[in-house]
Every structure is written in C-alpha cells, then in structure tokens.
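>
Chains as they are written, first to last, in my numbering: chain A, 1 to 505; chain B, 1001 to 1478.
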C-alpha cells in the first residue's frame, strides 16, 4: 500500500521532520539535552528517508521506459494543475544521491553548529524534501513550486549560519536564482496557455514553432544555467559556497547544482528539441569555456572552498557538454555515451565535491581558516584525514578507479566522436583538474608543519571518520563498478534520445 | 419598492442601525471601560456578517431600488472580506491603542462607518450611489488618519490626504457628469446598454469623461502617477490606522473599478485598457524600485501596495472574465498578507514607542522565533515565492495576461517581482541574520496572537490549498 506512495513519503517525511523540529523550539545551548534531542530527531528523519529511498531502489524497474511510482491527484482544479509525481532512470539516481547525502550533512553539523540547532536541522530536512520534490515532479507548476520553495531554506542556511560576508552571498544567491527561474515560469505559463495543461509529458508532445522553441529554450537556459552554474552566470556560486556553513556547501555542490543539469535533461531537451539543437553550439562553447577558463581560475585561488567551488563549475561544464553533444555526433552510440557520461558525472561530482567540502569543514572546525596559506603539513598531525583528503582530491582530478574518472572519460570519448577540438579542449581538464587539486593538496597536506595551529591539530573523531569513510567507499565503488548506476538510467536515456531526436516543428 | 428591495440592502441597514447603537453606548462609556465599545463593534461586525450570509443571493444578482443597488455574488464576497478584515484590523489595533492612550470609541466608529461606505460601493449599481459610498469611506478615512490629533505627522498626512482626496473625488465626479451628459443615464446597466446600442456615443466627450474617471479610480487605488499620497499617509497615520487603510478599502477599490469600467463602460475596453496598462506598468515599476530605498517599514509597505495595485490593474487591463477573476483573487489574497504584515508591525510597537523602521526588525528571530516565522511567510508571499499564496495570485494574473498575448508584460511583471523580492528579503535578513539591540520578547494577548498566527498561516494554507477560493472567484467573475 505504502509502496504506491513512496515518492510522497520521500518528499513529506523529511518536511514533517523539519516542521516538528521547528515546533519543538530552538534548542538553546548546543550542549543541552534538548539540542541533543534535536540532532537525534533530525538524524532519525534523514535516515528513515534514506531507508525509504532504498525501497525505491529495490522496487525500481530498469527496463521500464515510462515513468514509475506514478502518483497523480488533481491539485488546483482551476489551473488544471496536478500533484503528479513519477520518476525514471534519470531522476532516480539523483533522488538516491539526495537521500544519501542529507544524513551525512546532518552528522557533519553535529556539534559545529552552535546557534539555533533546531532551525538549522529543520532547514536541511525541509530542503531535502523539496529537492526530492523537484526530482520527482511531473507537473510543471508543481516542479516550479518545489524549485522555488527550495530557495527559502537555502537562503536562511547561508544567511544565518554562514561566514562573514554571508548576507551579501545569500542575497546574491537568492536574487540570481530567482531571476533565472521566473523566466522559466513565464515559459511554463506560455506552454500552459497553448496546451491547457501543466503536464510535463504533455509539454514534451506538444508541437511548438521554431521561434517559440528558441525563446523557451533561452528562458529555460537562464534558469538552469544559473543553477548549474554555467559561465558567465556562475559568479554567485563561489560567494555562496565560501560563506555557507559546511553542510550548506555540501548540499549546494552535491545536489542543488544538479538541479540545473536535471532541468536541461528533463525540460529543455525533450520539450524544445529543435530549440536545443539550434543552441547546441552555444551550449558546447559555454561548457568548454567553463572547463578551460574556470579551470585556470581555480588554479589561482587562495581559499580552499573557493577553489572547490570553481572546480565544481568546471566539472559541471562536463555534464552540460555531454548533454548537448548529441547533435554533433553522427553515430548513434556516441550520443547515448555523452548523455550517460553527463549523468554519471553529475552523480559522481555530487559525491566528490560533497566530500571535498566536508574535508575543508573538518579543517575549518579546528583552525577557523579556509586559506591555503594557513596550512601546510597537515599529514603530519592528521594522517587519517590526510589519506581521505588525498583520495578525494585524486577523484576530483579524475583518477581512474574513482568515480570522477568514469563520467569524464565517457564525455571525452563522446566529444571525440563529435569533433577533435571539442575533445582536445575537454581533455585539458585532465591536466588542469590535476593541477589545481593536487597543488592545493601539496600546499595543505604535505610538507613541513607550517605553524602552531597545524601542530595542534587533532585527527578525525569517530563521527567525521564514518562520514568520510562512507563517501570514500562510494566514490571507489562507483569508480570500479559503475554498472548499477549506468544500468539504472540506460533505458531512460535511450527513451530520451528517441524523444529528442524527433523534431517538433 | 418592495420587501425584496430592503432584504437586498439588509446588511447595510443592519450595520447602520448597529453603528448608531455603538455610537450611543460609546457616549456613556468611561475611558477605562472602552473595551465595551470594542466588543460591541465586534458584535456588530459579526451580526452584519450573519445578515450578509443569510441574505446571500444564490448565484444571481438582485437589482433593487429601481436598479440603483445590486446584490450579487461579487458584492457578497467582497463584503464578507471587508467585514472580516475590518474585524481583524480592530483586533490588531486594540492593544496598541490601549497602550498609547488612543483607545477612544472613534477608531471603531469611523472604522464601521468606513465599512458602511465600502459596502455601499460594493453594491452600487449607479454612478451616484458609487460616489456616495466612496465619499462615506473617504471621509471616515480622512478622520481616522487624524485620530491622534496631537501628532503633527498624523495631522499633516490627514491634511494631505484630504486635499488630494477631495481633488480626486472632484475629478471622478466631473468624469461622471460627462458620462451622464453623453449617455443620459447614471445606471451602469443602462450606460452599458446605451453604448452597445449606439456606437456613435463612443466619441471624444465620452473619452474625456472616462479619462477623468480613471484619474479618480487610480487615485483611490494609489496607482502611479496618482500615488504620492499613499506612502505619506501610511507613514503619517498611526500604525493601526495604516493597517485599516491598507486592508479592506482595497476590496472597495476593486469594486469601484469593476463596476465602473467593466460593468458600465465595458464597451470602451479598447479605449481604457491602454490607459490602465500604462498606469499599471508604472505602478509596478515605481512601486518596486522606490520601495528598495525605504527605511521606514510603513512607507516600504506603502510602495509595495503600489506595486501590488499594478498587478491588479494589469489583470483588469486584459478585459477578459478570467482577468477579472484573477483581479478578485489577487485583491483578496493581497489583503490577507497586508493585514498580517501590518499586524506584526503593530506587535513590534510598545507603549510610547512606534516600530516604524526596518531596523526595528533586527534580531526578531532571537526575540520571538514564532512571529519571525510568521513574518517570513508574509514577506515571501508578498514577494511571490511559492508555496505561498502570493505566488499563485501573481501566476494567475500572468496567465491571464499571457492569454491575451502580453508576453512583454508578463516578462516585465516577473522581472519587477525579482527586483521587488529584494526589499522583502531585507526584512527577513534583518529578522534572521542581524542582531538586535532590543532583546524583549514580543507581548501579545492570546486572541491577537492566535488570529495573527492564523492570518499568516493562511498565506501558506491558501498557497497549498487554493482550489476553493479560485473556484469561487471564477464562479463569480470568470
């Protein structure tokens, strides 16, 4: 019985947990028993959600071409809006990623959050529910409601628990993303006026003229490009990442950035295929600029979080590159490879960047600095931590055997089939990524103990060890055996390519 | 005149009778027991609401008093809304007035008289009756603004309001006289019929009258370029008065525009829609941009009202039934959030200290997390962020504008919303991200606390469950 409503459970369970936490109160002192209760409640809700998502994984049928776990109830009669949920192989991995990362974030904030722990955990739980909502909504308006509502908890997370320039960062984050998404709303309403429905699947089958497709693509592009973020609308991201608390950075990098990529796959490509084809050159160019130029920018960063933020932009450039290669490839196989590569890249980047931010969080909790220059020789005092950090750095640089390699490799092969120069530029990331990541590692982890702060460092406690160990295992597992993930999405990607291949003119 | 005529006007007559009772009783009440007046006023509102529901016309309109007065579902829902929000204003105002030695019977009496004026406007089926209701409302509001006679700012803004309001009323009346001169009738239905029968009436003298009437209407709404009074009056008036001005009268203004422009001069849609569009676009732009620069929360809410009025006017601009229904939905939901926002501003004030500045919101989350959350709901709703109802009302208007092909207008609306989001976010930023000097927990009596919470939760609840209200608006005007 409950199995039919599993998506609703996944969405509303964490939200209910968040509301419950808000009701109990703000917890006062972190050491108090009440605050402890808050943390345990938050952890319990996030773990329950994760367990529910495992049921989703088990029940998921890899061979099904359509949507699964569909729920459809009329929501707003007057607008013909439905509470319409359903997932396929493209959204399922992202939902699993969300439910997997959230408990880790809760554990990571266990005692580093000193003020208003109840509100903090509540914001994360509500955010989790809303993000799952975005990945499972099949009604345009429902999608938009989740998409926008998500900004509210993130706005508060950065603004209340962030660093020194948090207010600037969070306002920039909110206004950038809000501006991006309202144009998407106009596109949705325009489509609604044409089709008299907000159903995304109806949108996908509706015939749309080329001019309208181009405009809709641009409206979607602004919404998703800000979220991904693509060059040149990426500037909110380094600010938001740097100022956000560790948990906020992890959620931002691991999941919220994937919203943009998901939006391209779920909305732009199937709804306006001809518009996407028309602009695919532009998309590839922007992606390659992100990969190359932002890679150089990352090289010059002095702040670890900023460096990882820029590396996120570069890695997400790979994802968007993979998505838009299909019109440049003649052979059928390559198109699927690019798309799968983009998806694998998104999931793997979620794990790796989340882990990198957690590593920086571990250092920041001890030294209260994110500057690379304030560290040096951490390996001497924190050997276990250093091992983890080096592993994640290798994964970030795309070392074979880690998940970072799989996605990048698939996308590079696909771009070779399209054009030598695309592949050439894309492949520079193998050099650049290694350069900026490993150079940071060299300066932070290796060498002589730089100062007293570093000398006084304590190695990981059990809590931190568990979080990083889980992430390390999943990065390695996905690196050597990506089959479960790839199998999960293969059918849906084939279906998507069929859909996109048909002109709607 | 038959009994049906009186039944249709029963709510207004009941209210008038009850006002007389309240007035008489209030004469004999000492200042210490002024609560009697409060409870009597609330009882009058409750009785009026009951009579309203009892005489509700079942999906048909009853025109009475030789067609001068109409009781239809449209007037019904507006009147119920007005009664409700006058009651809410009285409740939020009570503790503030008591704490500031302003707890006189006049606030309630003038409020009730204003309500009577609004109800007459909502049921007017004739230009003169409309004018009568408008003036009843306007005179009560002028006096309300001046209620604190020792306060220089209040007196000044009352004066400003009165002078400008009188000019606007004059313009409206002048326009009415031209329309009367051209069509030979004051009744909306007859005007509409005359214009439909004889297209030659659609000529320059009529447009001339129309332009003056639109000036009057735009003034009453506070739409740009006739908006200058609005922020000044909101700022100068004591907060409970501003609360009153900001809530129920907006519903009366909607009746004013729908009755005159749609019901009476609907045939002239092509002529007035352009004028309304310019006024609306200017309101959205000026309201949102100027609100950013405000440091006074009441002025900020004033400019935000102007921006919201722009949305309502754009909905009217479409000239479609769906557009009018969206205007009704927008007005009703806007009033909910405006009442709540002013309610919280009142709550921040204490004896001898009026919370007026945005910075008074600093650190509210530390002082009273519950009310901070409520204000967060209201602000995000006004900014048009889902899942709050302000999003749906904007969505509805945008949909109707797109349905008549206004892609450019739709883009303008959403971009202006993003600009507007900044100043709403600033309130939230002050509440959540800043430390305040004042650490005192907000004090509120249980009933205020309860109603204010319900009011704020309503913007969330309506955002998630908008179906019934939307269906009602569509059934009435759609």
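Just so it is clear, CB atoms sit at the ideal spot from N, CA and C, and this is done for glycine as well.
Quick caveat: nothing in here was measured; it's all calculated off a predicted structure.
1. Measuring only between beta-carbons, confirm whether residue 161 (chain A) sits less than 7 Å from chain D.
2. State the beta-bridge partners of residue 82 (chain A) as determined by DSSP.
3. In the region 1429 to 1445 of chain B, which residues sit with their C-beta less than 7 Å from some C-beta in chain A, listed in chain order?
4. Please check if any C-beta of chain B sits within less than 7 Å of the C-beta of residue 503 (chain A).
5. Note down, in chain order, every chain B residue with its Cβ under 9 Å from the Cβ of residue 362 (chain A).
6. Does any C-beta atom of chain B lie closer than 7 Å to the C-beta of residue 71 (chain A)?
7. Taking the straight line between their C-alpha atoms, what separation do you get for residue 138 (chain A) and residue 80 (chain A)?
8. Tell whether a beta-carbon distance below 7 Å holds between residue 1338 (chain B) and residue 1122 (chain B).
9. Give the residues of chain A in contact with residue 1399 (chain B), contact being defined as C-beta atoms less than 8 Å apart.
10. If you reduce the DSSP assignment to three classes, tell me which class residue 27 (chain A) lands in.
11. Put residue 1296 (chain B) into one of helix, strand or coil per three-state DSSP.
12. Going by CA-CA distance only, name the one from A:124, A:108, A:316 that's closest to residue 463 (chain A).
13. For residue 1046 (chain B), which option in B:1415, B:1070, B:1405, B:1088 has the closest C-alpha, if you only look at C-alpha atoms?
14. Within 10 Å of its beta-carbon, does residue 1231 (chain B) have 16 or more other beta-carbons around it, so buried, or fewer, so exposed?
15. Buried or exposed for residue 179 (chain A), going by 16 or more other Cβ atoms inside 10 Å?
16. Taking C-beta pairs closer than 8 Å, name the residues in chain A that residue 1474 (chain B) reaches, listed in chain order.
17. Put residue 506 (chain A) into one of helix, strand or coil per three-state DSSP.
18. Identify each residue in the region 1206 to 1222 of chain B for which the Cβ-Cβ distance to at least one residue of chain A is less than 9 Å, and report them in chain order.
19. Would you mind stating whether residue 113 (chain A) and residue 153 (chain A) have Cβ atoms separated by less than 7 Å?
20. So residue 1324 (chain B) and residue 1258 (chain B) are supposed to be a Cβ contact under 8 Å. How far apart are they, rounded?
21. Spatial neighbours of residue 1435 (chain B) within its chain, please: C-beta separation below 6 Å, excluding the five flanking residues on both sides.
22. Within the 7 Å Cβ cut-off, does residue 179 (chain A) reach chain B?
23. Within the region 286 to 324 of chain A, note down every full beta strand (DSSP E) run reaching 3 residues or more, in order along the chain.
24. Determine the burial state of residue 1197 (chain B): buried for a count of at least 16 other Cβ atoms within 10 Å of its Cβ, exposed for fewer.
25. Please state if the CB of residue 1342 (chain B) and the CB of residue 1330 (chain B) are separated by a distance shorter than 7 Å.
26. Could you name the residues that DSSP lists as bridge partners for residue 1502 (chain B)?
27. When you compare the CB positions of residue 1063 (chain B) and residue 1125 (chain B), do they come within less than 7 Å of one another, or not?
28. Once you ignore the five residues that flank residue 500 (chain A) on each side, which residues in its own chain have a CB closer than 8 Å to its CB?
29. Who are the neighbours of residue 149 (chain A) on chain B, taking C-beta pairs under 8 Å?
30. Report the option in A:346, A:289, A:347 whose CA atom is closest to the CA atom of residue 424 (chain A).
31. Taking 6 Å as the limit between beta carbons, can you name the residues of its chain near residue 102 (chain A), skipping five residues before and five after?
32. Check the Cβ-Cβ distances between residue 263 (chain A) and every residue of chain B, and say whether any is below 7 Å.
33. Just list the alpha helix (DSSP H) runs in the region 1296 to 1351 of chain B, keeping only unbroken ones of 4 residues or longer that don't cross its boundaries, in chain order.
34. Using a C-beta cutoff of 7 Å, does residue 167 (chain A) count as contacting chain B?
35. Report the start-end ranges of each beta strand (DSSP E) in the region 1064 to 1088 of chain B that is 3 residues or longer and not cut off at the edges.
36. Taking the beta carbon of residue 350 (chain A) as the centre, do at least 16 other beta carbons fall within 10 Å, making it buried, or is it exposed?
This is what the structure gives:
1. You won't find chain D in this structure, because its protein chains are A and B.
2. Residue 82 (chain A) sits at position 82 when you count from the first residue of the first chain. Paired residues: A:74.
3. 1429, 1432, 1433
4. As a first step, residue 503 (chain A) must be located in the first chain, where it is residue number 503. So, not an interface residue.
5. Start at 1 with the first residue of the first chain, and residue 362 (chain A) comes out as number 362. Contact annotation for residue 362 (chain A) against chain B: no contact, minimum CB-CB distance about 26 Å [criterion: below 9 Å].
6. Within the first chain, residue 71 (chain A) is the residue found at index 71, counting from 1. Taking Cβ atoms only, chain B never reaches closer than 7 Å to residue 71 (chain A), which makes this a no.
7. Within the first chain, numbered from 1, the residue matching residue 138 (chain A) stands at position 138. Within the first chain, numbered from 1, the residue matching residue 80 (chain A) stands at position 80. If you take the alpha carbons of residue 138 (chain A) and residue 80 (chain A), they lie about 13 Å apart.
8. Numbered from 1 along the second chain, position 338 holds the residue referred to as residue 1338 (chain B). Numbered from 1 along the second chain, position 122 holds the residue referred to as residue 1122 (chain B). No, the pair does not count as a contact, with Cβ atoms beyond the cut-off.
9. Stepping through the second chain from its first residue, residue 1399 (chain B) is reached at position 399. In chain order: 79, 189, 192, 193.
10. Here residue 27 (chain A) refers to the residue found at position 27 of the first chain. The predicted position of residue 27 (chain A) is uncertain, since its pLDDT is 48 and thus under 50; a value taken from the coordinates is nonetheless stated next. The answer is coil: DSSP assigns residue 27 (chain A) none of H, G, I, E or B.
11. As a working mapping, residue 1296 (chain B) is identified with position 296 in the second chain. Strand at residue 1296 (chain B).
12. Translated into the one-based positions of the first chain, residue 463 (chain A) becomes position 463. If we check each option's Cα against that of residue 463 (chain A), A:108 comes out closest.
13. What you label residue 1046 (chain B) is simply residue 46 of the second chain in a count that begins at 1. Of B:1415, B:1070, B:1405, B:1088, the residue nearest in Cα terms is B:1088.
14. Indexing the second chain from 1 puts residue 1231 (chain B) at position 231. Flag for residue 1231 (chain B) reads buried.
15. As a working note, residue 179 (chain A) is residue 179 in the first chain. Buried: at least 16 other Cβ atoms inside 10 Å.
16. What you label residue 1474 (chain B) is simply residue 474 of the second chain in a count that begins at 1. Residues of chain A whose Cβ lies closer than 8 Å to the Cβ of residue 1474 (chain B) are, in chain order, 78.
17. Any question about residue 506 (chain A) goes unanswered here, given that chain A covers just 1 to 505.
18. none
19. Here the question's residue 113 (chain A) lines up with position 113 in the first chain. Here the question's residue 153 (chain A) lines up with position 153 in the first chain. Contact flag unset, no.
20. Residue numbering aside, residue 1324 (chain B) sits at position 324 when the second chain is read from its first letter. Residue numbering aside, residue 1258 (chain B) sits at position 258 when the second chain is read from its first letter. Right, their Cβ atoms sit about 6 Å apart.
21. In the second chain, counting from the first residue as 1, residue 1435 (chain B) sits at position 435. Closer than 6 Å at Cβ, skipping near neighbours: 1363.
22. Residue mapping note: residue 179 (chain A) aligns to position 179 of the first chain, counting from 1. Chain B contact via Cβ: present.
23. Correct list: empty.
24. What you label residue 1197 (chain B) is simply residue 197 of the second chain in a count that begins at 1. With fewer than 16 other Cβ atoms within 10 Å, it is exposed.
25. The residue labelled residue 1330 (chain B) in the question sits at position 330 within the second chain. The residue labelled residue 1342 (chain B) in the question sits at position 342 within the second chain. In this structure, residue 1342 (chain B) does not lie closer than 7 Å to residue 1330 (chain B) by Cβ.
26. Residue 1502 (chain B) is absent from the model: chain B starts at 1001 and stops at 1478.
27. Counted from its first residue, the second chain places residue 1063 (chain B) at position 63. Counted from its first residue, the second chain places residue 1125 (chain B) at position 125. Yes.
28. Within the first chain, the letter at position 500 stands for residue 500 (chain A). Around residue 500 (chain A): 269, 270, 273, 276, 326.
29. Counting from 1 along the first chain, the entry for residue 149 (chain A) is found at position 149. Result: 1385, 1386, 1387.
30. Your numbering for residue 424 (chain A) matches position 424 in the first chain. Among A:346, A:289, A:347, the Cα nearest to that of residue 424 (chain A) belongs to A:289.
31. Working through the first chain from its first residue, we reach residue 102 (chain A) at position 102. Closer than 6 Å at Cβ, skipping near neighbours: 46, 128.
32. The count along the first chain starts at 1 and reaches residue 263 (chain A) at position 263. Output row for residue 263 (chain A): interface = no.
33. Taking only runs of at least 4 residues, the alpha helix (DSSP H) segments lying wholly in the region 1296 to 1351 of chain B are 1297 to 1317, 1321 to 1348.
34. Here residue 167 (chain A) corresponds to residue number 167 of the first chain, with the count starting at 1. So, interface residue.
35. 1069 to 1071
36. Within the first chain, residue 350 (chain A) is the residue found at index 350, counting from 1. Residue 350 (chain A) is buried by the Cβ-count criterion.
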